[in-house]
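Heads up, the thing below is written out as structure tokens.
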Amino acid sequence: MTRLKQFPAIDYFRLIASVFVIAIHTGPLSSYWNAGNFWITRVLGRLAVPFFFMTTGYFLAQKQWRNGKSLWKKFLILYVISSLIYLPCNLYLGNFHSASTLQAIFFDGTFYHLWYFPAVLLGIPLSIQLSKLGLRAALPIAAVLYLIGLGGDSYWGGTSQTSSLTCFYHVLFNFFTYTRNGLFFAPLFLLLGAWGWSRSVRWSSAGFLVCLLGMTCEASFLHTLGYPRHDSMYLFLPLCMLCLFSLLLRANSGEQVRIRKATVWIYILHPGCILLIRAVAKYWNLQSLMVENSLLYFFLTCALSFLLSFLIILRPWPAPCPTQRAWKEINLPALCHNAFVLQAQLHPQCQLMAVLKADAYGHGMVPIARALQKSGIQAFAVACLKEAIALRKAGIRGTILILGYTPASQARELARWKITQSLVDESHALLLSAQKHKIHVHLALDTGMHRLGVPAEAYEAISRIYTLPNLQVDGIFTHLCAVESKKTDHIVYTQKQIDAFFCTIEKLRTNGIHPGKIHFQASYGILNLPAYPTQYARAGIALYGIYSNSEPVQKKLDLWPVLSLKARISTVRTLNPGEFAGYGCEFQAQAPTTLAVATIGYADGLPRNFSKTGNYVLLHGQRANVIGQLCMDQMLLDVTGINQVVPGDIITIVGRDAGRMICAETVAEKCGTITNELFSRLGNRLDTVWISQ
Ligand SMILES: *Cc1c(COP(=O)(O)O)cnc(C)c1O
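Its first residue numbered 42, the sequence shown is counted upward by one per residue in the numbering used here.
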């Protein structure tokens, strides 16, 4: 397992794609090698704009298309700004006639490269409508539109041989100059991007090279025939894009918003840079060097566009902080460290199964799962089907085991998403087996917790389950219910559970039944028991770097807490002796008291008794007692004696501040609960700050 590193492949490739676009408009090899230049500008370069559309579709799908309107507005604003930037050029070139101006604004774009904006502005609402039909119906419709567009683009020589088709396309060309504008190009790539989000399509790099070769042959063949009216669309292009996108998605983790923004500006500004370079070359009489040398011309354009764009996005003023109120900080390297430490405790053949139920114990399920997958974890456990599907949709591969109950009526979903279901008792097994869908299951054994599972002593039922149709029994497990405890009778009880578990497995083996993957240890099973030669150990709480409470454990491991909880001070005031504060006049000042109000309350997931049980927070590395009743959205702090407390100051409820630390275990214990409950109840109003380095 390696330490986690973010690699925002999608955003990095946007930089490459913007270089492709500059290449199309400068022809880097035109003064050296015609065939090479043809390939770069007419084949390779043509991957760029579809890629931009696909990333847009991908991000729209990621947010369930809910941000369609706001994204559309952003594109509109960018289009207006770009049109204003190029207005002087258009005026200078005399590009205005009444009819063609409307056509330019709505379809062709107000400067030659700006066709992208009307296309995306038309494409987004259209794709949103189409996606309501489900991608399976939407994609073929978009593909048909693309094929129609293709007939008016690089296959024009073929379609124009039929007079009715020619008529049809001439009607279209009244509205837009090329078929890549308008309806025919953007929807397919937006939806393919969305498809990339919903399926983890896995195509190899060989697939990409084959498709690119196909596209090269297609382009040269069509050009030899003299078919293209324009060359933005090829049959091989969507296939190429699918391969490329899935390759990038596989490498992708995290995002680089600055690079994404810079590429938008590179796209908008590069034709302006071209004009500028040409003007300068003319003025200094350097055309032969700066313009006629195509490579230098290309590099100069790249350099100037990149420079200007990065200057625009590297604002000297700080970006607004999204965490004005209350937030959790999630330390992903700590998570990967814990996974490594826990894995090292296990028997060499035993794999760590990461337990991600309840939004990864409040830590944020999808990013946690992705980070773990990147650092080598291949098995995951959740509580229910909804969580399991969300993981698959986020591109999590490997085993996903549902530890809780899923009704047999959902068997189809289990099969479709390749999710492994626990059998909670014999009748559950029978009902699941009676469905038509082949599903993977693990058999839960009840060895004494009496929560889920077939009783370990019901051997007949257990062996029958292994022969049921439609069920592929991949594993068998049990859950220990007293392994946290060091009390003698609990230790005896745990040993009884383990003996019953292995006894049943032995019986299966002697009767020639292969039990499948065996597992029984959760976090405290790892911490309090020796390493067993099983196949999995299911770690939840320990993976997040904390214990359930501060009871001692057998193996004190070097685990790092992953979550810190922070909020801010909103106002500071002084109370005279005898004055009250908070609901029910719960607090009364005995001496002059400085009171600060912090922006977190029980609606953010803190238990309401947090304020009455001797809890404190850290402020400027010092201790500030929580006083009065905890409110829904705020809490009161006694900050008497702490220097210079001002609104906006950060308080730490769980975590480190200037050398001091508040452990989750202590807070949970004071509130009369365990960290598992404290964290899994954290509210979704909290922001999340991801620490990835
Ligand atoms: C929640 C759960 C786990 C993880 O427990 P931790 O104590 O958090 O490691 C493991 N197995 C089952 C069956 C569970 O329900």
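Ideal Cβ positions, reconstructed from N, Cα and C, are used throughout, including at glycine.
Would you report the Cα separation of residue i and residue j, rounded to the nearest angstrom?
| i | j | result |
| --- | --- | --- |
| S564 | I517 | 18 angstroms |
| R579 | E428 | 16 angstroms |
| I126 | L101 | 28 angstroms |
| T43 | A410 | In this predicted model, T43 has a pLDDT of only 33, less than 50, meaning its place in the structure is not dependable enough to derive any value. |
| L397 | K477 | 29 angstroms |
| L128 | F152 | 9 angstroms |
| Y187 | T207 | 17 angstroms |
| Y120 | K114 | 10 angstroms |
| R609 | G164 | 42 angstroms |
| T529 | N666 | 38 angstroms |
| A639 | M676 | 5 angstroms |
| Q384 | A401 | 18 angstroms |
| H388 | E525 | 20 angstroms |
| S733 | A435 | 19 angstroms |
| G313 | V407 | 41 angstroms |
| G68 | V305 | 21 angstroms |
| T142 | H311 | 22 angstroms |
| N293 | G237 | 12 angstroms |
| D52 | R649 | 43 angstroms |
| H531 | L521 | 10 angstroms |
| E547 | Y500 | 11 angstroms |
| M494 | E620 | A small fix is needed here, since residue 494 is Gly in this sequence, not Met. So the alpha carbons of these two residues sit roughly 58 angstroms apart. |
Tell me which same chain residues have a C-beta within less than 8 angstroms of the C-beta of residue i, skipping the five on either side of it?
| i | result |
| --- | --- |
| G86 | F61, V62, A64, I65 |
| L232 | G98, S168, L171, S172, L176, A179, L180, A183 |
| T707 | S591 |
| L327 | V321 |
| A705 | I587, P602, L604, V695, T716, L719, F720 |
| V594 | Y565, L568, N569, Y588 |
| T615 | P633, T634, T635, L636 |
| P192 | In the sequence on display, residue 192 carries Gly and not Pro. The answer, listed in chain order, is G199, T200, L206, Y210, T220. |
Between residue i and residue j, is the Cβ-Cβ spacing less than 8 angstroms?
| i | j | result |
| --- | --- | --- |
| V658 | V613 | no |
| Q414 | I430 | no |
| T364 | D728 | yes |
| H271 | Y219 | yes |
| M331 | Y338 | yes |
| T508 | V482 | no |
| H555 | Q576 | no |
| F226 | A160 | yes |
| Q536 | T519 | no |
| C252 | C281 | yes |
| L473 | L512 | yes |
| F542 | L598 | no |
| L88 | N78 | no |
| L162 | F92 | no |
| Y308 | S124 | no |
| L289 | F54 | yes |
| E627 | G566 | no |
| I503 | T545 | yes |
| P49 | Q297 | yes |
| S350 | A380 | no |
| G9 | M274 | The question about residue 9 has no answer, for the chain in this structure spans 42 to 734. |
Output needed for residue i: all residues of its chain with C-beta closer than 6 angstroms, excluding positions within five of it in sequence on either side, in chain order.
| i | result |
| --- | --- |
| L285 | F249 |
| P14 | Residue 14 is absent from the model: the chain starts at 42 and stops at 734. |
| L723 | G403, G646 |
| I122 | none |
| W731 | I371 |
Using a Cβ-Cβ cut-off of 7 angstroms (strictly less than) and excluding sequence neighbours within five positions of residue i, which residues of its own chain qualify?
| i | result |
| --- | --- |
| K46 | At K46, the pLDDT of 46 sits below 50, so the modelled position is not reliable; the number obtained from the coordinates is stated separately. The answer is none, since no qualifying residue turns up. |
| Y534 | G489, A523 |
| D149 | W156, F217, T218, N222 |
| T654 | K711, C712 |
| L647 | I641, L671 |
- With contact counted as at least three CB pairs below 8 angstroms, one residue from each stretch, are the region 91 to 101 and the region 336 to 344 in contact? no
- Please specify which runs of the alpha helix (DSSP H), each continuous and at least 4 residues long, are wholly inside the region 466 to 532, giving them in chain order. 467 to 474, 500 to 506
- Query: Between the region 364 to 378 and the region 541 to 558, are three or more C-beta pairs nearer than 8 angstroms?
  - Reply: no
- Task: Decide yes or no for the touch test of the region 585 to 602 against the region 706 to 721: beta carbon pairs closer than 8 angstroms, at least 3 of them.
- Result: yes
- Three or more C-beta pairs below 8 angstroms linking the region 414 to 424 and the region 438 to 458: With contact defined as three or more Cβ pairs closer than 8 angstroms, the region 414 to 424 and the region 438 to 458 are in contact.
- Query: At which residue ranges does the region 548 to 576 contain complete alpha helix (DSSP H) runs of 4 or more residues, listed in the order of the chain?
  - Reply: 564 to 569
- For the region 362 to 417, which segments carrying the beta strand (DSSP E) assignment without a break, of at least 3 residues, lie completely within its bounds, in sequence order? 367 to 372, 392 to 396
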